[in-house]
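Contents: one structure, followed by commentary.
There are 2 protein chains.
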Amino acid sequence: MITSKHKYILDESELPKSWYNIVADMPNKPLPPLHPATKQPLGPDDLAPLFAMELIKQEVSFERYIDIPEPVLEMYKRYRPSPLYRAFGLEKALKTRSKIFYKYEGGSSSGSHKPNTAIPQAYYNMLQGVKRITTETGAGQWGCALSYACQHFGIDLEVYMVKLSYDQKPYRKIMMNTYGANVYASPSNRTAAGSEILRRDPQSSGSLGIAISEAVELALNDPETKYALGSVLNHVLLHQTIIGLEAEKQMEMAGTMPDMVIAPFGGGSNFAGIAFPFLRKNFQEGGQIDCIAVEPTSCPKLTKGEFKYDFGDTIGMTPLLPMYTLGHDFVPADIHVGGLRYHGAGVLVSQLLKDGLISAKAKQQNECFAAGLLFARTEGIIPAPEATYAIAQVAEEAKKADEAGLEKTILFNLCGHGHFDLSAYEQFLAGKLVDHVYEPTSIAK
Amino acid sequence: MITSKHKYILDESELPKSWYNIVADMPNKPLPPLHPATKQPLGPDDLAPLFAMELIKQEVSFERYIDIPEPVLEMYKRYRPSPLYRAFGLEKALKTRSKIFYKYEGGSSSGSHKPNTAIPQAYYNMLQGVKRITTETGAGQWGCALSYACQHFGIDLEVYMVKLSYDQKPYRKIMMNTYGANVYASPSNRTAAGSEILRRDPQSSGSLGIAISEAVELALNDPETKYALGSVLNHVLLHQTIIGLEAEKQMEMAGTMPDMVIAPFGGGSNFAGIAFPFLRKNFQEGGQIDCIAVEPTSCPKLTKGEFKYDFGDTIGMTPLLPMYTLGHDFVPADIHVGGLRYHGAGVLVSQLLKDGLISAKAKQQNECFAAGLLFARTEGIIPAPEATYAIAQVAEEAKKADEAGLEKTILFNLCGHGHFDLSAYEQFLAGKLVDHVYEPTSIAK
Numbered sequence: 036m037i038t039s040k041h042k043y044i045l046d047e048s049e050l051p052k053s054w055y056n057i058v059a060d061m062p063n064k065p066l067p068p069l070h071p072a073t074k075q076p077l078g079p080d081d082l083a084p085l086f087a088m089e090l091i092k093q094e095v096s097f098e099r100y101i102d103i104p105e106p107v108l109e110m111y112k113r114y115r116p117s118p119l120y121r122a123f124g125l126e127k128a129l130k131t132r133s134k135i136f137y138k139y140e141g142g143s144s145s146g147s148h149k150p151n152t153a154i155p156q157a158y159y160n161m162l163q164g165v166k167r168i169t170t171e172t173g174a175g176q177w178g179c180a181l182s183y184a185c186q187h188f189g190i191d192l193e194v195y196m197v198k199l200s201y202d203q204k205p206y207r208k209i210m211m212n213t214y215g216a217n218v219y220a221s222p223s224n225r226t227a228a229g230s231e232i233l234r235r236d237p238q239s240s241g242s243l244g245i246a247i248s249e250a251v252e253l254a255l256n257d258p259e260t261k262y263a264l265g266s267v268l269n270h271v272l273l274h275q276t277i278i279g280l281e282a283e284k285q286m287e288m289a290g291t292m293p294d295m296v297i298a299p300f301g302g303g304s305n306f307a308g309i310a311f312p313f314l315r316k317n318f319q320e321g322g323q324i325d326c327i328a329v330e331p332t333s334c335p336k337l338t339k340g341e342f343k344y345d346f347g348d349t350i351g352m353t354p355l356l357p358m359y360t361l362g363h364d365f366v367p368a369d370i371h372v373g374g375l376r377y378h379g380a381g382v383l384v385s386q387l388l389k390d391g392l393i394s395a396k397a398k399q400q401n402e403c404f405a406a407g408l409l410f411a412r413t414e415g416i417i418p419a420p421e422a423t424y425a426i427a428q429v430a431e432e433a434k435k436a437d438e439a440g441l442e443k444t445i446l447f448n449l450c451g452h453g454h455f456d457l458s459a460y461e462q463f464l465a466g467k468l469v470d471h472v473y474e475p476t477s478i479a480k
Numbered sequence: 036m037i038t039s040k041h042k043y044i045l046d047e048s049e050l051p052k053s054w055y056n057i058v059a060d061m062p063n064k065p066l067p068p069l070h071p072a073t074k075q076p077l078g079p080d081d082l083a084p085l086f087a088m089e090l091i092k093q094e095v096s097f098e099r100y101i102d103i104p105e106p107v108l109e110m111y112k113r114y115r116p117s118p119l120y121r122a123f124g125l126e127k128a129l130k131t132r133s134k135i136f137y138k139y140e141g142g143s144s145s146g147s148h149k150p151n152t153a154i155p156q157a158y159y160n161m162l163q164g165v166k167r168i169t170t171e172t173g174a175g176q177w178g179c180a181l182s183y184a185c186q187h188f189g190i191d192l193e194v195y196m197v198k199l200s201y202d203q204k205p206y207r208k209i210m211m212n213t214y215g216a217n218v219y220a221s222p223s224n225r226t227a228a229g230s231e232i233l234r235r236d237p238q239s240s241g242s243l244g245i246a247i248s249e250a251v252e253l254a255l256n257d258p259e260t261k262y263a264l265g266s267v268l269n270h271v272l273l274h275q276t277i278i279g280l281e282a283e284k285q286m287e288m289a290g291t292m293p294d295m296v297i298a299p300f301g302g303g304s305n306f307a308g309i310a311f312p313f314l315r316k317n318f319q320e321g322g323q324i325d326c327i328a329v330e331p332t333s334c335p336k337l338t339k340g341e342f343k344y345d346f347g348d349t350i351g352m353t354p355l356l357p358m359y360t361l362g363h364d365f366v367p368a369d370i371h372v373g374g375l376r377y378h379g380a381g382v383l384v385s386q387l388l389k390d391g392l393i394s395a396k397a398k399q400q401n402e403c404f405a406a407g408l409l410f411a412r413t414e415g416i417i418p419a420p421e422a423t424y425a426i427a428q429v430a431e432e433a434k435k436a437d438e439a440g441l442e443k444t445i446l447f448n449l450c451g452h453g454h455f456d457l458s459a460y461e462q463f464l465a466g467k468l469v470d471h472v473y474e475p476t477s478i479a480k
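Taken in sequence, the protein lines are chains P and L. Everything in the first sequence is counted per the working numbering, starting at 36 for the first residue and increasing by one. Everything in the second sequence is counted per the working numbering, starting at 36 for the first residue and increasing by one.
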């Protein structure tokens, strides 16, 4: 007899000791990245100017499990294992017969799931003697996570923060400063890429693609500097599987398994983190767990994008990746969800979607913030705007199940808290948030 | 053999089932509150216009343990038991031989220890059919906690927020709105008390004492409205003992007991919450645990105040309480630590200090923010400004111990995160924070 609890907690001795690499189990392996100039498949050496070699090895690995180094485990133990909650309050408010669980990643130092990959990325760079890292950040979750990780491992960090978020979320910048990083609004005049964008559009509010161009350019031009990315890439998604690996153990503690796993979708790390270990059950044990990625209607690469080779950045400096994309020069609407304003989807997630092994949905921001507000008032935690996309989908799935007379078990990833996103809630409460349709706009040439 | 861990976690089944009432063990019982007009000892009925009767009973109880009602335990289980951390990172940075532990209360919905009393206060008011509650808040921690608790138990809430913090911390206000409360900057023109203060000083940045006057006035004038206080009173301190009761179990898990327990001091709930259960060990088992309250140099009621009967609010509407005070019309300097800008100390803590059973220290804010920054960079959590006062004292005690060749075990209360206080960190990083000496100023007559 298993008692229902509010939360399922693992002891730090139960922290998973390895990450799960879904490539080992994928029926169709991902296509290789191509060199931006030659269009030929890339080798590890081609990536060496940007990334530490251990990360490149992980990027191309076919091994099913990859050991988590001891110093990374030590840092993980400061905030992991993270709790799994039963959403009794939300269930009651939705009047649903379904059971809703959420994995809460907002208890980390920087308040999101991003430290799960920031810590190993900083660690492997430190091992290789890297002195400086450049990166981009959207809402600032990734920049904050990497700032703390770099501070811990003694690496200087420069963060290029999408100007829209830089202006909307000043506290995120201060948090990065508090951890010791330097932060610049992107597009900036510190790079050729940023200067070029500003020449074309002096009022540019930036995008993740532009910020990536700036950070990549600086790394390519300095042999002592490497670049770090907070989502999209295989090694990033790999590190995030710690979320789902823990959640699987915790669902067992709760005496059940999810019928569906839901997560917001930006570049893929949030979704992959919670979903890949459950997809493993589908692959290895013939499970039928629905894994659903939820993206903004106005930035719908999964539901309206095209599967093709495209650049990861706006200018076109990164390798070409086989992915669902809206075009590398697509400029998303100014929605209040910085982490989801990216034109492309990670290679692994794109291949899985193409093969029909996962599904995708798109949502408008007003529906999502309404779900976020309901969650805050019933569960107490104010969700990051990104997470509200998952919550809105959860509410929809619970309603569908009720209407069909079914009782589902739904798990979602509450990837972070919304403490730095309250101006968006303020606008929602004031009725000032606007819904956007998808328009295939691109940056002025 | 007990292994050192990063954190000590209790299962929700191990949540304490009763609060500890230190009055039962105090050698000198606290003096009674006096009626503001008659100066005669108050009876429970005199407090009934302000508080729910169950809370009044707790206020005057001599019972050693008071059961926590089941609905309160259910709400506690959403975020409690809270973790106890070993501060390996801070220890290393301080190069100390001492062991440092901290109880982290920032993982609650509103990010501080305040829900520990907000939840039972809202619950007992709901039981009694109260429709509306008024309260004050300084930095906003208390207001946020009570907003969520009132939302949960279906009670309307009006929050009077000290204007200095209302302007410095707009996100706290939005958080309260998100939970469904109405928030007003204090002094306001919504009350006679606020209007009178504004008449004397139109530029008033407010104080906790003024905001209390406003909230109390509204409750006294409406039989359907009660008032709630976030610190100072006996029943508030009682509820907070859940912190120390858990910490005691967790220190046992760590195979040790603290030589000293340190907490920041505003009105007493933070300090009492962690210290009273350890003082119980002193009383009952002849323990010698040093319990140290740390207050701002510019608001030093414990170290420079006078022990006497004084009002809890600025105008003089509350009962007279026997406490260390700087005078009820004292206006503290505009330091960045809203929760500690209060003129008086809770009755229980005042009596314990008078009897030499606890001690008190005062700190300047630059020393505290420097300690807070070191903590953020080494432990990852950005502490609430209030908590930095404890951290600075911890650093001092560790240094003293090292110089004396001793190895101490130090426990402190990390009462909340500083996510809404980053503008203060920004000013500290820019070298713009000013230290203040104590000046016995009072509001213009």
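The C-beta atom is built at its ideal place from N, Cα and C for all residues, glycine as well.
Excluding the 5 residues flanking residue i on each side, which residues of the same chain have their C-beta closer than 7 angstroms to its C-beta?
i        : result
P/Lys261 : Leu85, Phe86, Ala87, Asn160, Val165, Ile168, Ala254
P/Ser240 : Lys198, Leu199, Asp369
P/Lys149 : Gln176, Trp177, Ala180, Gly265
P/Tyr158 : Pro104, Pro106, Val107, Phe188
P/Gly374 : Gly173, Ala174, Gln176, Gly301, Glu421
P/Thr349 : Ser242, Gly244, Ile245, Ser248, His363, Asp364, Ile478
P/Lys112 : Glu47, Leu50
Is the separation between the beta-carbon of residue i and that of residue j shorter than 8 angstroms?
i        : j        : result
P/Tyr120 : P/Gly142 : no
L/Ala397 : L/Ala430 : no
L/Ser223 : L/Glu193 : no
L/Leu383 : L/Leu272 : yes
L/Gln399 : L/Asp470 : yes
L/Ile416 : L/Phe447 : no
L/Arg376 : L/Ser458 : no
P/Gly379 : P/Lys339 : no
L/Leu280 : L/Glu94  : no
P/Tyr214 : P/Tyr195 : no
L/Thr31  : L/Tyr473 : Outside the displayed range of chain L (36 to 480) lies residue 31 of chain L, so it cannot be described from this structure.
For a cutoff of 8 angstroms on Cβ pairs, would you count residue i as touching chain P?
i        : result
L/Lys92  : no
L/Glu171 : no
L/Thr213 : yes
L/Arg113 : yes
L/Lys64  : no
L/Met36  : With a pLDDT of only 43 at L/Met36, under the threshold of 50, the placement of this residue in the model should not be trusted, and no figure is reported.
L/Lys204 : no
L/Glu193 : no
L/Met210 : yes
L/Ser144 : yes
Please report whether the beta-carbon of residue i lies at a distance below 8 angstroms from any beta-carbon of chain L.
i        : result
P/Arg132 : no
P/Met196 : no
P/Lys467 : no
P/Gly279 : no
P/Gly290 : no
Residues of chain C with CB under 7 angstroms from residue i, in chain order?
i        : result
P/Gln186 : The structure shown contains no chain C; the protein chains it does contain are P and L.
Could you pull out every residue in the same chain whose Cβ sits closer than 8 angstroms to the Cβ of residue i, ignoring the five residues on either side in sequence?
i        : result
L/Tyr139 : Ser117, Pro118, Leu119, Tyr120, Ile416, Leu449
Under 8 angstroms by Cβ, that's how I've got residue i and residue j pegged, so tell me the actual separation to the nearest angstrom.
i        : j        : result
P/Ile445 : P/Ala310 : Not a contact, Cβ separation roughly 13 angstroms.
L/Gly513 : L/Asn151 : Shown here, chain L extends from 36 to 480; a query on residue 513 of chain L therefore has no answer.
L/Thr170 : L/Ala263 : 5 angstroms
Suppose the cutoff is 6 angstroms on Cβ atoms and the five residues either side in sequence are ignored; what does the same chain contact list for residue i look like?
i        : result
L/Met292 : Met286
P/Asp238 : Here residue 238 of chain P turns out to be Gln, not Asp, going by the sequence shown. Nothing listed; no residue qualifies.
Could you say if the segment 314-326 of chain L and the segment 368-385 of chain L meet the contact criterion of at least three C-beta pairs nearer than 8 angstroms? Under the three-pair Cβ rule at 8 angstroms, the segment 314-326 of chain L does not count as touching the segment 368-385 of chain L.
Check whether the segment 94-102 of chain P touches the segment 44-61 of chain P, counting contact only when three or more Cβ pairs, one atom from each stretch, lie closer than 8 angstroms. Touching, yes.
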